[in-house]
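Trainee:
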Amino acid sequence: MEEQNGGRKIAVGHLLSGVVGGLLAAAVVLLLGVAGVVDFGETRDVVRERTVVRGSGGSSLDVSAVYREAGPGVVYVEAQGGTDTSPFGLPSPNEEATGSGVVLDRDGNILTNWHVVEGARSIAVRFSENGELVPAELKGRDPSSDLAVVKVDPDRVGGRLVPLPLGSSARVKVGDPVVAIGNPFGLSRTVTTGIVSAVQRQIQAPNGFTIPNAIQTDAAINPGNSGGPLLDAEGRVIGINSQIVTGGSRGSVGIGFAVPIDLAKRLLPQLKEGGVVKRAYLGIEMTDLTSQLAEDLNLPVRSGALITTVVPRSPAARAGLRGGRTRLENGLRAGGDVIVEIDGRRVRSAEDVTAIIGERSPGDTVRIVYYRGRERRTTQVELGTRPARLATQTLQEESPLP
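Written out as structure tokens, the structure is:
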């Protein structure tokens, strides 16, 4: 199954979670949890790569120093007996899925990926090599960002709770040096290094919705790294490692993606409180309006978000927004409204709409400026609550967004 995203193809399939970028169309993306991992016996913390790494801008980091400070705040996460109903196949009955987690505070809250703990009968974490497995409970989850918070009893683990500082993914630049720490294939606290290869990538969450502003890195991350931190040179968490492009192989080929920490920080109050995060929902599918497409459609603007489909009975439908009705040779639906502004913020792409709506809450009202043909219009939309999973028919459209 494939979907279009502004002319870029995204592949979706069993055991996969999505692919971004035109050159990545032939590759696959793997959720980084490990199902059915065996006991590797005694191992030592593994430090890979050289101690000093320099970014393209001349910045450098001391990997050993970052590891010493951040390592104790990265935990091993084990989820027993997940469900076999996940379209991604992780985990399965009577199996265990393993991943990593980031200690958030001394109250026992730990951030990880939702796909690591989804459907688990029991969850446990380990704070050190050969340490005991400490029971944890699932507090909050957000399938749309592939994030979850689990909690351990702080009285039981005491001083082993070492919170990691959270940085800002908005300040990340291409070429910045980064460090990834996790438990690939069950190997405790393995550290690898690399750079930020790209920013503002779109990746697909386990429930089919889009995660905006993901960080792409060439740091070696593998199954089992899921939920572990991507750190900057100061040891601050800038992302949560979630997916890799495999190119048909089992491990890393140097293309990995992290959920941006700024998104996680916005969701943490709800995740810690418990339950499912309530996300705002507009109910449209879009593609980027390029200058060539605008010329072909005789539109008065050269950028924006072209609505291809409006979900029936959605907030967008109730506000009168329209999708395309004519299919072009490239498969896109033409004739839909073009969003150019939301609440005074310029919209240049479909991803801009995703990001803006992602900052809102259900029940919020947004002011949308759009073009219908050559006519500029304005509408008010009261946002709804995002459904638990993107419908199958939606996945087959151009770009599943808010």
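Final position of the sequence shown in our numbering is 428; the numbers increase by one with none missing. In this text, a Cβ means the ideal position worked out from N, Cα and C, and glycines have one as well. Since this is a predicted model, take the numbers as computed values, not measurements.
(1) In chain order, what residues of the same chain have a beta carbon less than 6 angstroms from the beta carbon of Ser-148, not counting five sequence neighbours either side?
(2) Give me the DSSP bridge partner(s) of Val-175.
(3) Tell me whether Arg-412 is buried or exposed, calling it buried when 16 or more other Cβ atoms sit within 10 Å of its Cβ.
(4) Go ahead and pull the three-state DSSP assignment for Leu-116.
(5) Strictly by DSSP, which residues pair up with Gly-208?
(6) Quick test of your reading: Lys-304 and Ser-387, contact by CB under 8 angstroms. State the CB separation rounded to the nearest angstrom.
(7) Going by DSSP, what residues sit across from Glu-321 in a beta bridge?
(8) I need the straight-line Cα distance from Asn-248 to Gln-406, nearest angstrom please.
(9) Let me make sure I understand the geometry here. Which of Thr-236, Asp-88, Leu-409, Arg-372 has the alpha-carbon closest to that of Thr-218?
(10) Assign Lys-199 to buried or exposed, taking buried as 16 or more other Cβ atoms, counted over all protein chains shown, within 10 Å of its Cβ.
(11) Any chance the region 390-402 sits against the region 358-371, with 3 or more Cβ pairs inside 8 angstroms?
(12) Do Ala-290 and Leu-137 have their beta-carbon atoms positioned less than 8 angstroms apart in this structure?
(13) Here's a check: name, in chain order, each residue in its chain whose Cβ is nearer than 8 angstroms to the Cβ of Asp-168, leaving out the five neighbours to either side.
(14) Contact between the region 317-337 and the region 178-194 is defined here as three or more beta-carbon pairs at a separation below 8 angstroms; is this criterion met?
(15) Can you give the Cα-Cα distance for Ile-287 and Ser-268, rounded to whole angstroms?
(16) Near Ser-340, which residues of its chain fall below 6 angstroms by C-beta distance, leaving aside the five closest residues on each side in sequence?
(17) For Pro-210, count the other beta carbons within 10 Å of its own beta carbon; 16 or more makes it buried, fewer makes it exposed. Which is it?
(18) I'd like the list of long-range same chain contacts for Gly-280, defined as Cβ closer than 6 angstroms, with 5 residues on each side in sequence excluded.
(19) Let me check understanding here. Comparing Cα to Cα, which of Tyr-102, Ala-342, Leu-257, Gly-265 lies closest to Gly-410?
(20) Rounded to the nearest angstrom, what separates Val-271 and Glu-401 at their Cα positions?
(21) Counting only runs of 4+ residues fully inside the region 341-369, write out the alpha helix (DSSP H) ranges in chain order.
(22) In terms of residue numbering, what span does the alpha helix (DSSP H) encompassing Arg-292 cover?
(23) Can you give me the Cβ contacts of Arg-186 inside the same chain, cut-off strictly under 6 angstroms, excluding the 5 residues immediately before and after it?
(24) For the beta strand (DSSP E) containing Ser-268, list its first residue and its last residue.
(25) Could you compute how far the alpha carbon of Gly-361 sits from the alpha carbon of Arg-374?
(26) Note down, in chain order, each residue of its chain lying with its Cβ closer than 8 angstroms to the Cβ of Ile-382, except the 5 sequence neighbours on either side.
(27) Report the option in Arg-94, Ala-414, Tyr-102 whose CA atom is closest to the CA atom of Ser-252.
(28) Give the DSSP bridge partners of Pro-255, in chain order.
(29) Helix, strand or coil: how does DSSP classify Arg-197 here?
(30) Starting from Ile-281 and walking both ways along the alpha helix (DSSP H), at which residues does that stretch end?
(31) Any idea what DSSP makes of Glu-68, helix, strand or coil?
(32) For Ala-123 and Val-151, I'd like the C-alpha separation in whole angstroms.
(33) To the nearest angstrom, how far is the alpha carbon of Ala-91 from that of Gly-97?
(34) Enumerate in chain order the residues of its own chain whose CB-to-CB distance from Val-180 is below 7 angstroms, with the five nearest sequence positions on each side excluded.
(35) Roughly how many whole angstroms lie between the Cα atoms of Ala-376 and Asp-314?
Mentor: Taking the geometry as given:
(1) For the purposes of this step, residue 148 is taken as residue 122 along the sequence shown, with counting starting at 1. Once the five neighbours on either side are set aside, the close Cβ partners of Ser-148 are Gln-106.
(2) Within the sequence shown, residue 175 is the residue found at index 149, counting from 1. Note: Val-175 is bridge-paired with Leu-137, Gly-166 in the DSSP secondary-structure output.
(3) One-based indexing of the sequence shown puts residue 412 at position 386. Its Cβ being crowded by 16 or more others within 10 Å, Arg-412 is buried.
(4) For this step, residue 116 is matched to residue 90 along the sequence shown. For Leu-116, the predicted model reports a pLDDT of 43, less than 50, meaning its position is unreliable; a value from the coordinates is still stated below. Leu-116: coil per DSSP, three-state reduction.
(5) As a first step, residue 208 must be located in the sequence shown, where it is residue number 182. Bridge partners of Gly-208: Thr-216.
(6) For the purposes of this step, residue 304 is identified with residue 278 of the sequence shown, where counting begins at 1. For the purposes of this step, residue 387 is identified with residue 361 of the sequence shown, where counting begins at 1. Indeed they touch by this definition, with Cβ atoms about 7 angstroms apart.
(7) Translated into positions along the sequence shown, residue 321 becomes position 295. Partner(s): none; Glu-321 has no beta bridge.
(8) Position 222 of the sequence shown, counted from the first residue, corresponds to residue 248. Position 380 of the sequence shown, counted from the first residue, corresponds to residue 406. Computed Cα separation, rounded: 44 angstroms.
(9) As a first step, residue 218 must be located in the sequence shown, where it is residue number 192. The shortest Cα separation from Thr-218 among Thr-236, Asp-88, Leu-409, Arg-372 belongs to Asp-88.
(10) Counting from one through the sequence shown, the residue named residue 199 turns up at place 173. Classification of Lys-199: exposed, given that the 10 Å Cβ count is below 16.
(11) yes
(12) Taking the first residue of the sequence shown as position 1, residue 137 is located at position 111. Taking the first residue of the sequence shown as position 1, residue 290 is located at position 264. It is a contact, given that the beta carbons lie within the stated cut-off.
(13) Taking the sequence shown and counting its residues from 1, the one referred to as residue 168 is at position 142. Correct list, in chain order: Trp-140, Ala-174, Leu-293, Gln-296, Leu-297, Val-302, Val-303, Arg-305.
(14) no
(15) Your numbering for residue 287 matches position 261 in the sequence shown. Your numbering for residue 268 matches position 242 in the sequence shown. Roughly 12 angstroms separates the two Cα atoms.
(16) Position 314 of the sequence shown, counted from the start, is the residue given in the question as residue 340. Answer for Ser-340: Gly-309, listed in chain order.
(17) Within the sequence shown, numbered from 1, the residue matching residue 210 stands at position 184. Per the 10 Å Cβ criterion, buried.
(18) Along the sequence shown, read from residue 1 onward, the residue named residue 280 stands at position 254. Closer than 6 angstroms at the Cβ level, and outside the excluded window around Gly-280, lie Asp-244.
(19) The count along the sequence shown starts at 1 and reaches residue 410 at position 384. Answer by Cα proximity: Ala-342.
(20) By one-based count along the sequence shown, residue 271 stands at place 245. By one-based count along the sequence shown, residue 401 stands at place 375. Straight-line Cα distance between these residues: approximately 42 angstroms.
(21) 341-344
(22) As a first step, residue 292 is located in the sequence shown; it is residue number 266 there, counting from the start. Note, Arg-292: alpha helix (DSSP H), 287-299.
(23) Position 160 of the sequence shown, counted from the first residue, corresponds to residue 186. For Arg-186, where only same-chain residues beyond five positions count, the Cβ hits under 6 angstroms are Phe-153.
(24) Counting from 1 along the sequence shown, the entry for residue 268 is found at position 242. Taken as a continuous stretch (DSSP letters only), the beta strand (DSSP E) holding Ser-268 covers 263-271.
(25) For the purposes of this step, residue 361 is taken as the residue at position 335 of the sequence shown. For the purposes of this step, residue 374 is taken as the residue at position 348 of the sequence shown. Going by the C-alpha atoms only, they are around 18 angstroms apart.
(26) For this step, residue 382 is matched to residue 356 along the sequence shown. Apart from the 5 residues on each side of it in sequence, Ile-382 sits with its Cβ closer than 8 angstroms to the Cβ of Ile-368, Asp-369, Arg-371, Val-373, Val-392 in its chain, given in chain order.
(27) Here residue 252 refers to the residue found at position 226 of the sequence shown. Looking at the Cα atoms, Tyr-102 is the closest of the given residues.
(28) Here residue 255 refers to the residue found at position 229 when the sequence shown is read from its first residue. Bridge partners of Pro-255: Ile-266.
(29) As a position in the sequence shown, residue 197 is number 171, starting the count at 1. Arg-197: helix per DSSP, three-state reduction.
(30) Translated into positions along the sequence shown, residue 281 becomes position 255. Note, Ile-281: premise wrong, no alpha helix (DSSP H); not H, not E.
(31) Here residue 68 is taken as the residue at index 42 of the sequence shown, counted from 1. With a pLDDT of only 31 at Glu-68, under the threshold of 50, the placement of this residue in the model should not be trusted; the figure read from the coordinates follows. DSSP places Glu-68 in coil when its eight states are reduced to three.
(32) Working through the sequence shown from its first residue, we reach residue 123 at position 97. Working through the sequence shown from its first residue, we reach residue 151 at position 125. Rounded to whole angstroms, Ala-123 to Val-151 spans 12 angstroms at the Cα level.
(33) For the purposes of this step, residue 91 is taken as the residue at position 65 of the sequence shown. For the purposes of this step, residue 97 is taken as the residue at position 71 of the sequence shown. Taking the straight line joining both Cα atoms gives about 10 angstroms.
(34) Working through the sequence shown from its first residue, we reach residue 180 at position 154. First, the residue type needs correcting, since residue 180 is Pro and not Val in the sequence shown. In chain order, Arg-132, Asp-133, Gly-134, Leu-187 place their CB closer than 7 angstroms to the CB of Pro-180, counting only its own chain and leaving out the 5 sequence neighbours on each side.
(35) Counting from 1 along the sequence shown, the entry for residue 376 is found at position 350. Counting from 1 along the sequence shown, the entry for residue 314 is found at position 288. Looking at the two C-alpha atoms, the distance is approximately 5 angstroms.
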